[in-house]
Amino acid sequence: MPLNDLFARQSRTLSFEFFPPKNERAWYTLEDTIEQLAQLGPDFVSVTYGAGGSTRAKTREVVEHIQTRTGVTAMAHLTCVNATRGELLALLDEYAGAGISNLLALRGDPPKGEARFTPTDGGCAHAVDLIDLIRDRGGFSTLCAAFPERHPEAASREADWDHLAEKLRRGASGAITQCFFDVQAYADMLAHLTRALGRTPRIIPGLLPITDWHALVRFCERCGAEVPASLRDLLAPLADDKVAVRKAGMAWTIRFCQSLLRAGAPGLHVYALNRSTAAAELTTALRQSGNID
Ligand SMILES: Cc1cc2nc3c(=O)[nH]c(=O)nc-3n(C[C@H](O)[C@H](O)[C@H](O)COP(=O)(O)OP(=O)(O)OC[C@H]3O[C@@H](n4cnc5c(N)ncnc54)[C@H](O)[C@@H]3O)c2cc1C
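Quick note, the working numbering runs 85 ahead of the 1-based positions in the sequence shown.
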């Protein structure tokens, strides 16, 4: 289903994110995860798209697998990396032909070791250019990325949020955020966007269920998210007690989700990391407490 249709009739959504598996064993794990999480009835799921185009075919394969095997609406991530506009347009035709109608339009990261993103000759320099391309072609519902704590290359939060507002003006029907742990940052971003656009946009928080302190630190280093002092004080002393960290981390994640929903979040997008247990536990807890349908 096109996400624009879903958003028109449903105010609050639950979604999960997967990444394309790197080998056959990982593919079987992902298949099991998809099957288990599909039973929880998510409104949609999304599949990442690796830098350098390395997983281009895999993203499409996983999206098609999800839609045909489970019937769950799936969204393909798409970046500007290593692609000309012509190649991107050809890819859009392929996606349309395969029944993929939902895209997360991204710029992509600079290659490892490079500080700045350099667009391909004849390619897109920013996600907003890709959004223009998709909008002009027609036939897709498009979301984009948002950064409550600002994108690492941005001069300020406000400058970054202004660029986000532009993506929403130019055709993105909403955004999914980078992982973050600060409700106030989300509320500030939403207020800024509401002022800039004259309406409240659909900004869905991206959530990492916290199950392991060391994994959390590694994940945050990779994506540039700040671990707040209160969370560090809670979890760091328990770091090597896996059971205790998981219990405290999941309880913290549930409270964080509840606060975000109270702050106006129109849904939750869970970074499932291709495993079902934590995402399912979080979903069940939020359903039992009446926070999501
Ligand atoms: C939910 C989510 C999913 C993601 N999935 C993937 C994935 O599957 N594959 C992948 O490779 N990466 C993924 N990323 C990472 C993303 O590609 C990087 O964070 C990238 O560095 C920024 O992408 P963007 O789409 O926000 O870029 P942009 O919107 O282009 O922003 C990049 C920087 O440029 C600035 N900017 C934006 N527009 C303009 C403009 N017109 N003029 C000047 N400056 C501008 C912004 O403030 C920001 O600092 C994801 C990120 C998120 C939040």
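Beta carbons are placed, not taken as given, at the ideal position from N, Cα and C, and that holds for glycine.
In this text, all values refer to a predicted model and were calculated from it rather than measured experimentally.
Report the CB separation of residue i from residue j in whole angstroms; it is logged as a contact under 8 Å.
{"i": "residue 335", "j": "residue 363", "result": "7 Å"}
{"i": "residue 39", "j": "residue 132", "result": "What the structure shows of the chain is the stretch from 86 to 378, and residue 39 is not part of that stretch, so it cannot be assessed."}
{"i": "residue 191", "j": "residue 159", "result": "The Cβ separation is near 16 Å, so there is no contact."}
{"i": "residue 266", "j": "residue 302", "result": "The pair is not a contact, with the Cβ atoms about 12 Å apart (cut-off 8 Å)."}
{"i": "residue 99", "j": "residue 127", "result": "5 Å"}
{"i": "residue 189", "j": "residue 218", "result": "No, residue 189 and residue 218 are not in contact; Cβ-Cβ is about 14 Å, not under 8 Å."}
{"i": "residue 257", "j": "residue 295", "result": "Not quite, the Cβ-Cβ distance comes to about 29 Å (not below 8 Å), so this is no contact."}
{"i": "residue 309", "j": "residue 288", "result": "18 Å between Cβ atoms; not a contact."}
{"i": "residue 155", "j": "residue 123", "result": "4 Å"}
{"i": "residue 144", "j": "residue 359", "result": "Not quite, the Cβ-Cβ distance comes to about 13 Å (not below 8 Å), so this is no contact."}
{"i": "residue 323", "j": "residue 314", "result": "Incorrect: roughly 15 Å between the Cβ atoms, too far for contact."}
{"i": "residue 367", "j": "residue 339", "result": "7 Å"}
{"i": "residue 268", "j": "residue 344", "result": "5 Å"}
Out of the options, point me to the one whose CA is closest to residue i's CA.
{"i": "residue 205", "options": "168, 325 and 287", "result": "168"}
{"i": "residue 104", "options": "227, 114 and 97", "result": "114"}
{"i": "residue 203", "options": "303, 141 and 164", "result": "164"}
{"i": "residue 153", "options": "185, 319, 252 and 215", "result": "185"}
{"i": "residue 274", "options": "234, 327 and 294", "result": "234"}
{"i": "residue 197", "options": "296, 318 and 307", "result": "307"}
{"i": "residue 253", "options": "239, 245 and 282", "result": "282"}
{"i": "residue 319", "options": "309, 297 and 304", "result": "297"}
{"i": "residue 170", "options": "208, 194 and 227", "result": "208"}
{"i": "residue 369", "options": "166, 342 and 359", "result": "342"}
{"i": "residue 300", "options": "107, 193, 321 and 378", "result": "321"}
{"i": "residue 236", "options": "225, 193 and 110", "result": "193"}
{"i": "residue 162", "options": "109, 148, 270 and 340", "result": "148"}
{"i": "residue 223", "options": "270, 255 and 241", "result": "255"}
{"i": "residue 173", "options": "221, 374 and 199", "result": "221"}
{"i": "residue 210", "options": "243, 248, 242 and 241", "result": "248"}
{"i": "residue 241", "options": "270, 102, 333 and 324", "result": "270"}
To which residues of the same chain is residue i closer than 6 Å at the C-beta, ignoring the five residues directly before and after it?
{"i": "residue 292", "result": "353 and 355"}
{"i": "residue 262", "result": "231, 233, 290 and 291"}
{"i": "residue 277", "result": "246"}
{"i": "residue 305", "result": "312"}
{"i": "residue 326", "result": "none"}
{"i": "residue 264", "result": "291, 293, 308 and 310"}
{"i": "residue 89", "result": "226 and 258"}
Spatial neighbours of residue i within its chain, please: CB distance less than 7 Å, with the 5 preceding and 5 following residues excluded, ordered by chain position.
{"i": "residue 96", "result": "351"}
{"i": "residue 251", "result": "213"}
{"i": "residue 346", "result": "376"}
{"i": "residue 201", "result": "195"}
{"i": "residue 87", "result": "186, 187 and 226"}
Excluding the 5 residues flanking residue i on each side, which residues of the same chain have their C-beta closer than 8 Å to its C-beta?
{"i": "residue 121", "result": "361 and 365"}
{"i": "residue 141", "result": "134, 135 and 176"}
**Report entry** Ranges of the beta strand (DSSP E) found wholly within the segment 133-221, counting only runs of at least 3
**Finding:** 159-164 and 187-191
Report task. Within the segment 292-334, note down every full alpha helix (DSSP H) run reaching 4 residues or more, in order along the chain. Result -> 298-308 and 314-320
Report task. Just list the beta strand (DSSP E) runs in the segment 223-294, keeping only unbroken ones of 3 residues or longer that don't cross its boundaries, in chain order. Result -> 226-231 and 259-262
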